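First comes the structure, then the notes that go with it.
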DNA sequence: TCTATAATTCCATTATTGTGGAATCATGGA
DNA sequence: TCCATGATTCCACAATAATGGAATTATAGA
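Residue numbers (the UniProt record's numbering), protein chains in the order written: chain R, 1 to 108; chain W, 1 to 108.
Encoded structure:
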């Protein structure tokens, strides 16, 4: 991942309303949520929400699709995972056991 | 993790110089690096570096210890890991297989 | 085509943040 | 005690970001 991409993503997440929006979408899964529903759940004015959705979108953290009159936003998990990887890259002089939490196997 | 803590950490990382500093320390491991060496490697004026180290420290992402005339800074891995966990909390309606990368076992 | 709804864009105001020069503090050695 | 070194704090200026009112665009139904 490029540094600029990571910076854009971190900058997008470093704001209360946007962090809430992003986590809401992360939790919602790939079905996503229409803008109006996000505004309702978080109590944000439509234009303010729109501004923040744009920031998240430009940072590559969310995407949207139109469904009739609604725009449905969803988290971009690949961007999120790339960011997490960037932060921990080459940690501890290449000995990640020293700092990363023990990973578990998937159970599926 | 508290939202405010996550916001502080993200805000601290959402800046070019600080992202470089933090990643340098993550890579350096728990031995850490003296401020002067960080300044040298990243080409930052001492006072500017000091300002950024303070931001990272207040966000809980790094800590320091004195060793003679040097202050040695080191990444706080627990804070980093808590942040990563916060971002992915309850993802995909509790079905993380849908968005998180497959975890592997440690080999040690 | 007229109206209602969902959402966005434009704009001005306010607040926050980053930067580096100069002064200061802390430590250790002569 | 005096000096050199490593680092921080103080301060003012410049740049960037967040907010919400009003106007605008897109879609669908009567």
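Think of the CB as a built atom: it goes at the ideal place given N, C-alpha and C, for glycine as much as any other residue. Being a predicted model, the structure only gives us computed values, none of them experimental.
Residue 65 of chain R: first and last residue of the uninterrupted beta strand (DSSP E) it sits in | Unbroken beta strand (DSSP E) run through residue 65 of chain R: 62-67.
Shortest alpha-carbon distance to residue 17 of chain W belongs to which of W:47, W:86, W:7?
-> Nearest neighbour of residue 17 of chain W by Cα position, chosen from W:47, W:86, W:7, turns out to be W:47.
Verify whether the separation of the beta carbon atoms of residue 83 of chain W and residue 9 of chain W is less than 9 Å.
-> Residue 9 of chain W sits close to residue 83 of chain W, with the two beta carbons spaced by under 9 Å.
Using three-state DSSP, classify residue 39 of chain W as helix, strand or coil.
-> If DSSP states are grouped into helix, strand and coil, residue 39 of chain W belongs with the helices.
Using the rule of at least 16 other Cβ atoms within 10 Å of the residue's Cβ for burial, across every protein chain shown, is residue 98 of chain R buried or exposed?
-> A residue is called buried when at least 16 other Cβ atoms come within 10 angstroms of its Cβ; residue 98 of chain R does not meet this threshold and is exposed.
With 9 Å set as the bound, which would you pick, yes or no: does the beta-carbon of residue 10 of chain W sit closer than that to a beta-carbon of chain R?
-> True, the Cβ-Cβ gap to chain R drops below 9 Å.
How about residue 72 of chain R and residue 102 of chain R: are their beta carbons less than 9 Å apart?
-> The Cβ atoms of residue 72 of chain R and residue 102 of chain R lie no closer than 9 Å to each other.
In three-state terms, what does DSSP make of residue 33 of chain W?
-> Of the three classes helix, strand and coil, the one that applies to residue 33 of chain W here is strand, per DSSP.
So, using beta-carbon positions, are residue 61 of chain R and residue 79 of chain R closer together than 9 Å?
-> By the CB criterion at 9 Å, residue 61 of chain R and residue 79 of chain R fall inside the cutoff.
Cutoff 9 Å: residue 64 of chain R Cβ touching any chain W Cβ | Using a CB distance cut-off of 9 Å, residue 64 of chain R does not count as an interface residue toward chain W.
Going by C-alpha distance, which of R:51, R:30, R:24 is nearest residue 87 of chain W?
-> Distance from the Cα of residue 87 of chain W is smallest, within the candidate group R:51, R:30, R:24, for R:24.
Return the CA-CA distance between residue 53 of chain W and residue 36 of chain W, expressed in angstroms with no decimal places.
-> Residue 53 of chain W and residue 36 of chain W have their C-alpha atoms spaced approximately 12 Å apart.
Report all residues from its chain with a CB closer than 6 Å to the CB of residue 42 of chain W; omit the five preceding and five following residues, and keep chain order.
-> In chain order, 20 place their CB closer than 6 Å to the CB of residue 42 of chain W, counting only its own chain and leaving out the 5 sequence neighbours on each side.
Near-chain W residues of the stretch 81-96 of chain R - C-beta to any C-beta below 9 Å | Residues of the stretch 81-96 of chain R whose Cβ lies closer than 9 Å to any Cβ of chain W, in chain order: 81, 83, 84, 85, 86, 87, 88, 89, 90, 91, 92, 93, 94, 95, 96.
Counting contacts by CB-CB distance shorter than 9 Å, is residue 51 of chain R in contact with chain W?
-> Taking CB atoms only, residue 51 of chain R has no neighbour in chain W less than 9 Å away.
Burial state of residue 94 of chain R, where buried means 16 or more other Cβ atoms lie within 10 Å = Classification for residue 94 of chain R: exposed.
Start and end residues, beta strand (DSSP E) containing residue 74 of chain R = Counting along the chain, the unbroken beta strand (DSSP E) around residue 74 of chain R starts and ends at 70-75.
Opening and closing residue of the alpha helix (DSSP H) in which residue 54 of chain W lies | Segment 46-58, the alpha helix (DSSP H) holding residue 54 of chain W.
Between which two residues does the alpha helix (DSSP H) carrying residue 9 of chain R extend?
-> Judged by DSSP secondary structure, residue 9 of chain R falls within the alpha helix (DSSP H) whose first and last residues are 3-13.
What did DSSP end up calling residue 100 of chain R once you bin it into helix, strand or coil?
-> Coil.
Keeping to the same chain, check which residues put their C-beta closer than 7 Å to that of residue 49 of chain W; ignore five residues upstream and five downstream.
-> Non-local beta-carbon contacts of residue 49 of chain W in its own chain, meaning distances under 7 Å to residues more than five positions away in sequence, involve 35, 38, 39 in chain order.
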